[in-house]
Structure formats: C-alpha cells, structure tokens
Amino acid sequence: MINIKEKLDISCDFPAFFNMFFSKKSFAVLDIETTGLSPNFSAVILIGLVIFDGKDVRLEQYFAETPAEEKEIISLTNKALKDVDYVITYNGKLFDMPFLKKRSEKYDIDFKTLCNLDIFMVMKHYSDLPKLLSSMSQKSLEVFAGLSTGRDDKISGKESVELYSQYQTTGAHDVLSQILLHNSDDIKQLFRLVSIVRHADFSRAICHQGIPHDGGFIEKIDFKHSTLFIKGLMKDAIDYISFPSFEAPYSVNITKSDSKYAIEIPAETVTGSAFIDIKNMIDRESLGDSDLPGFDNDYLIIKENNRFNYTEIAIFAQTFTARLISDIQNKL
C-alpha cells in the first residue's frame, strides 16, 4: 500500500452564501478510482482526499498496489474522515459513497456516513448549466469556470483502470505516476471548483441535498401538509421522542439503531404563504442577518406568494437543529 501525504498551497474563492453554512466546518474533497462500475464485482484501488481543516489544506492518497490491499485503504480513509464534518464529491452521491459503503460492508468496516455536498448534483439540478453546456463532466465545468489550466493529467477514468492493470503486470513507476496524477488533479480541481456554486440556487440545493451542523447533519428539509420537516443523522444517537407543547411547538423522533432523527414543525398557512412562530424555539439573534426578508420579528416566513425563502429556511434549520440536539444530549 502506498500512502501519499502533501501539504497544498491552493485556495478557493468560496462564495459568501457558501460560507454562511459551511465556513466553520472542516471537510474533505473525495474521489475514488475503481476496477469497474459495480461494487459487487469491482474493487477500490485508489482513494484521494483533499482535507481542509479551516486553516491548512493537505492531500492524502491511499493506493492499493494489489486488490488485496483494498481493505487497508478503506480503513485508512475511514479513519481520516472521522476528523471532518462533511465531504465534497462530484457525483459522489450516486457513485463514490455508495461504492465505498458497499465495499466496506464486505470487510465489516463501519464506514462513516457524512453530509455529502455533491457539486455535480447541485449544478445539474439547481442551475442552468445543463442548458448551456454539452457535457456536465467535471472537466467541462472546470473549463466553464476558467480552471482548466490547473490540470496536468491527460487521461480519463477509464484509462486509469487500464493503467492499473498494466501496473499490476509491470510495476512501472511512470504508470503509477499517471494514475496518482489523475486522481490528485481531480480532487485538487474539485476543491477549486466549489466556487462554481455561485451559479446555482445554492440555498434550495442544500435544503434538498444536506447541511452539516454541530452534532450531525441534515439530510433533507421539506415542507408539505402545512408542516416543516427536517430529517437527518445524529452523532452518538439515542432513542428519543417528544410531542408538541406550548414551550416546544414541534415533535422530535430519534432512533439509536440507525442514528436518524425527524423533526416536524407545524406552520400557519394562508393562501400562498406559510410561517412559523419561532420565539419559543430559538434566540432570534442566533440566526444572524436581520435583513433577510424571511425573518420578520419572531417569525420564519417559509414562503410568501408561493415563493420559498430557502436561505432563511436553511439558516433556521441548521441553527435550530444543532441547538435542539445539544439540549437533548445535555438532558440525558
């Protein structure tokens, strides 16, 4: 097994609205290389991470010189991810993370489930780029964002698989270098590419894709049947249930077995609009920017004239859920 560690001198122009939700959290940009597309029949041969702890940026790569070392590189990756709050991937919700989870199960590794900011999903479903670009590949978005000059590798993911087979036969150092470069360029470029979310409806995206918070992360926020639903995963979960009261006008259900929580907050509705009285739920000052139109005195305006205030919803959900989970843990 080959483990590469390197301190990086790279930066990203994180948009202000990205920092609003993610700036105080550590993260890892993650990309994997595999011998095929199915985790049932293929192995992970290389895992690359660019880890940002809020100050320093470092690269880590775990390369399996033979498929027999797959368990070791997955274990090392899982250990590295225990220190981060979320991961950033490109199509990782559909490929990288499910693949890692499936392969981890093969070795009885309890692979950490993290909030996953999937840049591909954000840009595909919450921006106009699919209408403007002929391809939604990572390299195409790098060109759109003016970042293509930051890449040195010349091979595709498919060619990387072919090169791995060649490396198994020859052990050639130049072949290994090409495989490692392809992976490291992918994750370094993806780190820089986070800035592209300024071209997306980012607040709406994270309401549906996930938001990290102290004590866990939100998987999805939804509003239906005059109720705001906040669902997510809790660290060190316990079995807990509560019902609405005057002091706490919401219900909470936490299950230890799967670490999942579900919060339901009833809303007042009128034609095309909905709002929640939050004065008994959270300190208004903890929600930050008082100029946002979705915060009106002690109310969260969920929607007005059928237009959702996704930024305010996300701010409230992230802040309220973190405080609620902390309060529950402190009581027990």
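The sequence shown begins at 338 in my numbering and counts up by one.
No residue lacks a Cβ here, since even glycine has one placed at the ideal position from N, Cα and C.
### Query
What separation, rounded to the nearest whole angstrom, lies between the Cα atoms of Phe-645 and Ala-574?
The sequence position of residue 645 within the sequence shown is 308, counting from 1. The sequence position of residue 574 within the sequence shown is 237, counting from 1. Roughly 31 Å between the two C-alpha positions.
Could you give the first and the last residue of the continuous alpha helix (DSSP H) run that contains Asn-415? As a position in the sequence shown, residue 415 is number 78, starting the count at 1. Where Asn-415 is concerned, the enclosing alpha helix (DSSP H) starts and stops at 407 to 418.
Ranges of the alpha helix (DSSP H) found wholly within the stretch 511 to 546, counting only runs of at least 4 = Within the stretch 511 to 546, the complete alpha helix (DSSP H) runs of at least 4 residues fall at 539 to 546.
### Message
For Asp-393 and Gly-609, what's the separation of their Cα atoms in angstroms?
### Response
Residue mapping note: residue 393 aligns to position 56 of the sequence shown, counting from 1. Residue mapping note: residue 609 aligns to position 272 of the sequence shown, counting from 1. Roughly 46 Å separates the two Cα atoms.
Indicate whether Ile-382 and Lys-525 have their beta-carbon atoms separated by less than 8 Å.
Here the question's residue 382 lines up with position 45 in the sequence shown. Here the question's residue 525 lines up with position 188 in the sequence shown. No. Outside cutoff.
What do you reckon, are the CB atoms on Tyr-399 and Leu-418 nearer than 8 Å? Counted from its first residue, the sequence shown places residue 399 at position 62. Counted from its first residue, the sequence shown places residue 418 at position 81. No. Outside cutoff.
task: Helix, strand or coil for Asp-664, going by three-state DSSP, please let me know.
output: As a working mapping, residue 664 is identified with position 327 in the sequence shown. Asp-664: helix per DSSP, three-state reduction.
Can the beta-carbon of Thr-648 be found less than 8 Å from the beta-carbon of Gly-631? Locating residue 648 in the sequence shown gives position 311, where the first residue counts as 1. Locating residue 631 in the sequence shown gives position 294, where the first residue counts as 1. Going by beta carbons, Thr-648 and Gly-631 fall inside the 8 Å limit.
### Message
With H, G and I counted as helix, E and B as strand and the rest as coil, what does DSSP make of Arg-488?
### Response
Walking along the sequence shown from the start, residue 488 turns up at place 151. Arg-488 falls in the coil class under three-state DSSP.
Nearest-angstrom Cα distance between Ile-388 and Gln-475? Looking up residue 388 in the sequence shown gives position 51. Looking up residue 475 in the sequence shown gives position 138. In this structure, the straight-line span from the alpha carbon of Ile-388 to that of Gln-475 is close to 19 Å.
Practice task
Within the stretch 434 to 475, note down every full beta strand (DSSP E) run reaching 3 residues or more, in order along the chain.
Solution key: Within the stretch 434 to 475, the complete beta strand (DSSP E) runs of at least 3 residues are 452 to 455.
Item to complete: Could you tell me whether the stretch 581 to 592 touches the stretch 553 to 562, where touching means 3 or more Cβ pairs closer than 8 Å?
Response: In the pairwise beta carbon analysis, the stretch 581 to 592 is classified as not touching the stretch 553 to 562: fewer than three pairs are separated by under 8 Å.
Tell whether a beta-carbon distance below 8 Å holds between Ile-516 and Leu-500. Indexing the sequence shown from 1 puts residue 516 at position 179. Indexing the sequence shown from 1 puts residue 500 at position 163. A contact, by the Cβ cut-off of 8 Å.
Problem - Cβ pair Ile-384, Phe-436 closer than 8 Å - result: Numbered from its first residue, the sequence shown carries residue 384 at position 47. Numbered from its first residue, the sequence shown carries residue 436 at position 99. No.
Residue environment, Glu-343, which counts as buried when at least 16 other CB atoms sit within 10 Å = As a first step, residue 343 must be located in the sequence shown, where it is residue number 6. Around the beta carbon of Glu-343, fewer than 16 other beta carbons sit within 10 angstroms, so the residue counts as exposed.
Note to self: Measuring only the C-alpha atoms, how far is Phe-448 from Lys-416?
What the structure shows: The residue labelled residue 448 in the question sits at position 111 within the sequence shown. The residue labelled residue 416 in the question sits at position 79 within the sequence shown. If I take the Cα positions, the gap works out to 9 Å.
- Query: For Asn-617, which residues of its own chain have a beta-carbon under 8 Å away from its beta-carbon, when the five flanking residues on both sides are left out?
  - Reply: Looking up residue 617 in the sequence shown gives position 280. Closer than 8 Å at Cβ, skipping near neighbours: Phe-583, Glu-584, Ala-585, Pro-586.
**Item:** Rounded Cβ spacing between Gln-655 and His-550 (contact assumed at less than 8 Å)
**Value:** Here residue 655 corresponds to residue number 318 of the sequence shown, with the count starting at 1. Here residue 550 corresponds to residue number 213 of the sequence shown, with the count starting at 1. The pair is a contact, with the Cβ atoms about 5 Å apart (cut-off 8 Å).
Applying the criterion that 16 or more other CB atoms from any shown protein chain within 10 Å of the CB defines a buried residue, is Tyr-504 buried or exposed?
-> Locating residue 504 in the sequence shown gives position 167, counting from the first residue. Tyr-504 is buried by the Cβ-count criterion.
What residue does the beta strand (DSSP E) around Asn-340 start on, and which one ends it? Looking up residue 340 in the sequence shown gives position 3. Counted as a single uninterrupted DSSP element, the beta strand (DSSP E) harbouring Asn-340 occupies residues 339 to 345.
- Hey, would you say Ile-600 sits closer than 8 Å to Ile-567, going by beta carbons? Residue 600 sits at position 263 when you count from the first residue of the sequence shown. Residue 567 sits at position 230 when you count from the first residue of the sequence shown. A contact, by the Cβ cut-off of 8 Å.
Practice item. Return the chain-ordered ranges of every alpha helix (DSSP H) run that is complete within the stretch 347 to 396 and spans a minimum of 4 residues. Key: Whole alpha helix (DSSP H) segments, 4+ residues: 353 to 359.
query: Should Leu-374 be labelled buried (16 or more other beta-carbon atoms within 10 Å of its own) or exposed?
result: Position 37 of the sequence shown, counted from the first residue, corresponds to residue 374. Looking at its Cβ environment, which holds fewer than 16 other Cβ atoms inside 10 Å, Leu-374 is exposed.
Nearest-angstrom Cα separation, counted from Asp-445 out to Ser-464
For the purposes of this step, residue 464 is identified with residue 127 of the sequence shown, where counting begins at 1. For the purposes of this step, residue 445 is identified with residue 108 of the sequence shown, where counting begins at 1. In a straight line, the C-alpha of Ser-464 is about 39 Å away from that of Asp-445.
_Taking CB distances under 8 Å as the criterion, tell me whether Leu-570 reaches chain E._
Judged by its chain identifiers, the structure shown contains no chain E, having just a single protein chain.
Out of curiosity, what's the CA-to-CA distance linking Glu-556 and Arg-535?
Position 219 of the sequence shown, counted from the start, is the residue given in the question as residue 556. Position 198 of the sequence shown, counted from the start, is the residue given in the question as residue 535. Rounded to the nearest angstrom, the two C-alpha atoms are 21 Å apart.
**Collapsed DSSP secondary structure at Pro-404 in the structure displayed** = As a first step, residue 404 must be located in the sequence shown, where it is residue number 67. The answer is helix: DSSP assigns Pro-404 an H, G or I state.
Q. Hey, quick one: how far does the beta strand (DSSP E) through Gly-569 stretch, first residue to last?
A. Translated into positions along the sequence shown, residue 569 becomes position 232. Per DSSP, Gly-569 belongs to the beta strand (DSSP E) from 564 to 571.
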